[in-house]
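Data block below; observations after.
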Amino acid sequence: MFSVTLPDGSSKEVPAGATPLDIARGIGTRLADAAIVARVNGDLWDLTRPFEGDSSLEILTTRDPEALEVYRHSTAHLLAAAVLELFPGTKLGIGPPIKDGFYYDFQRETPFTAADLAAIEAKMAEIRDRDLPYGRLLVPKEEGLKKYEALDEPMKCELIEERAGEIFSEYTLGPNFIDFCRGPHIPSTKKIKAFKLLSIAGAYWKGDENRHQLQRIYGTAWYSAKELEEHLNKLEEAKKRDHRLLGRQLGLFAVDEKVGQGLILWKPKGSIIRQELQTFISEHLRRQGYSQVFTPHIGKLDLYKTSGHFPYYADSQFPPLVDREQIAQLAGEGCSCAQLSNLLDKGEIEGFLLKPMNCPHHIRIFDSDPHSYRDLPVRLSEFGTVYRFEQSGELGGLTRVRGFTQDDAHIFCTEEQVPQEVEGCLELVKIIFSTLGMKDYRVRVGLRDPDSAKYVGDPAQWDRAEAACKAAAASLGVPFSLEPGEAAFYGPKIDFVVQDVIGREWQLGTVQVDYQLPQRFDLTYAGPDNKPHRPVMIHRAPFGSMERFVGVLIEHFAGAFPLWLSPVQAVVLPISDRHLEYAKQVHQRLLDAGIRAELDDRSEKVNYKIREAQLAKIPFMLVMGDREAEQGAVAVRNRKHGDLGAKPLDEFIAETTALIAAKAVSE
RNA sequence: GCCGGCGUAGCUCAGCUGGUAGAGCGUCUGAUUUGUAAUCAGAGGGUCGCAGGUUCGAUUCCUGUCGCCGGCUCCA
Numbered sequence: 004m005f006s007v008t009l010p011d012g013s014s015k016e017v018p019a020g021a022t023p024l025d026i027a028r029g030i031g032t033r034l035a036d037a038a039i040v041a042r043v044n045g046d047l048w049d050l051t052r053p054f055e056g057d058s059s060l061e062i063l064t065t066r067d068p069e070a071l072e073v074y075r076h077s078t079a080h081l082l083a084a085a086v087l088e089l090f091p092g093t094k095l096g097i098g099p100p101i102k103d104g105f106y107y108d109f110q111r112e113t114p115f116t117a118a119d120l121a122a123i124e125a126k127m128a129e130i131r132d133r134d135l136p137y138g139r140l141l142v143p144k145e146e147g148l149k150k151y152e153a154l155d156e157p158m159k160c161e162l163i164e165e166r167a168g169e170i171f172s173e174y175t176l177g178p179n180f181i182d183f184c185r186g187p188h189i190p191s192t193k194k195i196k197a198f199k200l201l202s203i204a205g206a207y208w209k210g211d212e213n214r215h216q217l218q219r220i221y222g223t224a225w226y227s228a229k230e231l232e233e234h235l236n237k238l239e240e241a242k243k244r245d246h247r248l249l250g251r252q253l254g255l256f257a258v259d260e261k262v263g264q265g266l267i268l269w270k271p272k273g274s275i276i277r278q279e280l281q282t283f284i285s286e287h288l289r290r291q292g293y294s295q296v297f298t299p300h301i302g303k304l305d306l307y308k309t310s311g312h313f314p315y316y317a318d319s320q321f322p323p324l325v326d327r328e329q330i331a332q333l334a335g336e337g338c339s340c341a342q343l344s345n346l347l348d349k350g351e352i353e354g355f356l357l358k359p360m361n362c363p364h365h366i367r368i369f370d371s372d373p374h375s376y377r378d379l380p381v382r383l384s385e386f387g388t389v390y391r392f393e394q395s396g397e398l399g400g401l402t403r404v405r406g407f408t409q410d411d412a413h414i415f416c417t418e419e420q421v422p423q424e425v426e427g428c429l430e431l432v433k434i435i436f437s438t439l440g441m442k443d444y445r446v447r448v449g450l451r452d453p454d455s456a457k458y459v460g461d462p463a464q465w466d467r468a469e470a471a472c473k474a475a476a477a478s479l480g481v482p483f484s485l486e487p488g489e490a491a492f493y494g495p496k497i498d499f500v501v502q503d504v505i506g507r508e509w510q511l512g513t514v515q516v517d518y519q520l521p522q523r524f525d526l527t528y529a530g531p532d533n534k535p536h537r538p539v540m541i542h543r544a545p546f547g548s549m550e551r552f553v554g555v556l557i558e559h560f561a562g563a564f565p566l567w568l569s570p571v572q573a574v575v576l577p578i579s580d581r582h583l584e585y586a587k588q589v590h591q592r593l594l595d596a597g598i599r600a601e602l603d604d605r606s607e608k609v610n611y612k613i614r615e616a617q618l619a620k621i622p623f624m625l626v627m628g629d630r631e632a633e634q635g636a637v638a639v640r641n642r643k644h645g646d647l648g649a650k651p652l653d654e655f656i657a658e659t660t661a662l663i664a665a666k667a668v669s670e
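Using this note's numbering, you'd call the opening residue of the first sequence number 4 and step up by one each time.
See below:
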């Protein structure tokens, strides 16, 4: 007999061989029905796995987030079983649960098609209806390896070699399916109520682009058809907020294949949003003692050799700009492209680079004057456009582009000033997020990966810089995560990360502490001892890039920007031609008051004009007919609150300009 | 860059197994003078992404290429 202790402190005596499910049934059929998995002595445990001694037990039901992961993982096994029934010989990779669903990686000669997906889904339902138990078996490692070799499952063998202990567990599903798996799983397939396969994608084995590529099938699974439907609806709704769609509908930006992939054309309306954001942050920069600078879009290759950007990141740079005649001459001498590239690397040919970062230019500005410790910190800011040759498969919308403008600045300060300066930078990011009402972000402290060689500089400096970042993040008052491998090559950083409508994460604001570049450029300032000292640099961009930030912002507001950012803040709608004269006067008054207003003087019905303005998400529609013209009034309609009734024009202007000045998030 | 899917009028999309294309909305013109989410009528608009190939004939099949979408990898 074992003693099993429940969360309420009570305990039950059970015979050897008893399972968590037995106890759940003993407590009640409703609990047994809702039960997905157990927690035994702190570990997740199959409901049907017998106790192995005196235990604590918790039954996890559909209410527990961990249970949902188990449920989805079990659905992934169901997917794999269906694939093997339909396509024998397919090799299995891995099949974990993920946010909102699961995937399974397969290796097969012929790619899966959309039609296959439907067939697989049907087969899954068929297997599910067989009510098969998820059976747990224990196998000694050597014996297991032989078995999976016999099954011709090379990836499973590789996983066993790497991960399995002396005895490992595997899970069966019916007589023909077996999978090396830590588990746990739901008791049987009949628990799976609602699932759908969503997409097929390529994925490298073990995420390594040098290894073979697998076909990944993504799916989603829920406890009920209703939840599944809601989830699918949510995905549909999210698509409508996609900044790529809204960007076109609202006329904010365009990407033109004749101009080039990933190169953003800001249309007039989008430019207003960007300009307003720049004006907004510039005011805060001024208050924080920043100076503004301008630098060119290119610089000599040598500059980037000094900084370390070239040639180490040659793959993500646009090709160097080299003198035409020099190239012609080299070509005449039979110089190959590879040799040319080599000559560039060695610095034997001079050329220019489209700048991938602004820092080298700012450094040269700093270094153009001698500095005393009394001058520091020096804070140089620039809305600097940089160019990076991102992989073509990565480009999309405004979030991943090849030319973008950072709201960049570099702070040159003493080591003692670092904590205070970093906090000042974080303050800027906080101002942005709070002004725009953005709450869904996470803070990531990117640290170096001790196993990687891509970082420059000595470890002691890294340690100090990482400590400074951790301390600053801690002072922020919001949760943050420490993430090794996420540092910049020259230093650790604090990033603000948000999600787009389809759940992809994007880094926006960033603050990076850098001990390397001042050294590489041999920057100094005169200390109190009148000897040269090395300044520390802080790179920071509170928006990150204007492109990405606006992209995220479009989705955040679903295109309905707050008044102060709206490209058109009010539209004047005369009811008929005889109100046109008054409408023009109103329009001009609005423009004079600094309100971005348009006049819709088309001979259309007011309903039609309202509909268009509404779809354009214009905050205020001012309808005017005889009554308004007589009284010097405007009938105000708000995009969200509808008809607000008539009020004197002066009053509307006063209220609206106040809302704009306050950067109110809603009208 | 890799895997898969897609590319028909400005936009959204239809077009069966090869016989050079159609709708709605937008645009333009005319009529209408309108009170809080679409007034009516007419017209214009596409070398079916681009380049080759197969074929008597290709938007439709094949190859290449460019671009877009999803995922992977990457992101100084």
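Just so it is clear, CB atoms sit at the ideal spot from N, CA and C, and this is done for glycine as well.
How far does the beta strand (DSSP E) with residue i in it reach, from first residue to last?
{"i": "His542", "result": "539-544"}
{"i": "Lys496", "result": "496-502"}
{"i": "Lys229", "result": "From DSSP, Lys229 is part of no beta strand (DSSP E) but of the alpha helix (DSSP H) over 228-243."}
{"i": "Thr64", "result": "58-64"}
Whose C-alpha, out of the options, is nearest the C-alpha of residue i?
{"i": "Ile613", "options": "Val574, Phe297, Val43, Gly628", "result": "Val574"}
{"i": "Gly29", "options": "Arg42, Ile62, Trp48, Asp57", "result": "Ile62"}
{"i": "Val481", "options": "Asp443, Arg523, Ala471, Ser455", "result": "Asp443"}
{"i": "Ile598", "options": "Asp580, Ile434, Leu625", "result": "Leu625"}
{"i": "Thr180", "options": "Arg139, Thr513, Gln464, Thr282", "result": "Reading off the sequence, residue 180 comes out as Phe, not Thr. The shortest Cα separation from Phe180 among Arg139, Thr513, Gln464, Thr282 belongs to Arg139."}
{"i": "Tyr458", "options": "Pro178, Leu511, His312", "result": "His312"}
{"i": "Thr51", "options": "Leu647, Gly186, Gly45", "result": "Gly186"}
{"i": "Ala636", "options": "Leu647, Arg642, Ile284", "result": "Leu647"}
Would you kindly work out how many angstroms separate the C-alpha atoms of residue i and residue j, rounded to a whole number?
{"i": "Ala85", "j": "Asp182", "result": "13 Å"}
{"i": "Val501", "j": "Thr402", "result": "11 Å"}
{"i": "Lys150", "j": "Ile163", "result": "11 Å"}
{"i": "Asp653", "j": "Val553", "result": "33 Å"}
{"i": "Thr32", "j": "Ala21", "result": "17 Å"}
{"i": "Glu353", "j": "Ala341", "result": "16 Å"}
{"i": "Glu508", "j": "Ala667", "result": "27 Å"}
{"i": "Glu550", "j": "Thr388", "result": "10 Å"}
{"i": "Ile497", "j": "Thr513", "result": "6 Å"}
{"i": "Gly12", "j": "Trp48", "result": "19 Å"}
{"i": "His246", "j": "Pro531", "result": "52 Å"}
{"i": "Gly399", "j": "Pro53", "result": "51 Å"}
When we look at the beta-carbon of residue i and count the other beta-carbons within 10 Å, is it buried (16 or more) or exposed?
{"i": "Ser2", "result": "As displayed, the chain neither begins before 4 nor continues past 670, which places residue 2 out of reach and without an answer."}
{"i": "Ile656", "result": "buried"}
{"i": "Leu618", "result": "exposed"}
{"i": "Ala665", "result": "exposed"}
{"i": "Val262", "result": "exposed"}
{"i": "Arg75", "result": "buried"}
{"i": "Glu631", "result": "buried"}
{"i": "Ile505", "result": "exposed"}
{"i": "Ser375", "result": "exposed"}
{"i": "His559", "result": "buried"}
{"i": "Asn361", "result": "buried"}
What is the residue span of the alpha helix (DSSP H) that residue i lies within?
{"i": "Asp334", "result": "The amino acid at residue 334 is misidentified as Asp; the sequence shows Ala. Note, Ala334: alpha helix (DSSP H), 327-335."}
{"i": "Pro23", "result": "23-30"}
{"i": "Glu3", "result": "Absent from the structure is residue 3, since the part of the chain shown begins at 4 and ends at 670."}
{"i": "Cys160", "result": "157-166"}
{"i": "Gln218", "result": "Note, Gln218: premise wrong, no alpha helix (DSSP H); beta strand (DSSP E) at 216-225."}
{"i": "Cys472", "result": "462-477"}
{"i": "Met549", "result": "549-559"}
{"i": "His590", "result": "583-595"}
{"i": "Arg523", "result": "519-523"}
{"i": "Leu140", "result": "Element bounds for Leu140: not the alpha helix (DSSP H) but the beta strand (DSSP E), 137-143."}
My output table needs one value for residue i: the three-state DSSP class, helix, strand or coil.
{"i": "Cys184", "result": "coil"}
{"i": "Leu356", "result": "strand"}
{"i": "Arg447", "result": "strand"}
{"i": "Lys126", "result": "helix"}
{"i": "Arg605", "result": "coil"}
{"i": "Arg382", "result": "strand"}
{"i": "Cys362", "result": "helix"}
{"i": "Leu662", "result": "helix"}
Looking at residue i and the ligand MN, is the gap between the Cβ and the nearest heavy atom below 7 Å?
{"i": "Lys496", "result": "In the structure shown, the ligand MN is absent, as is every other ligand, since no ligand is present at all."}
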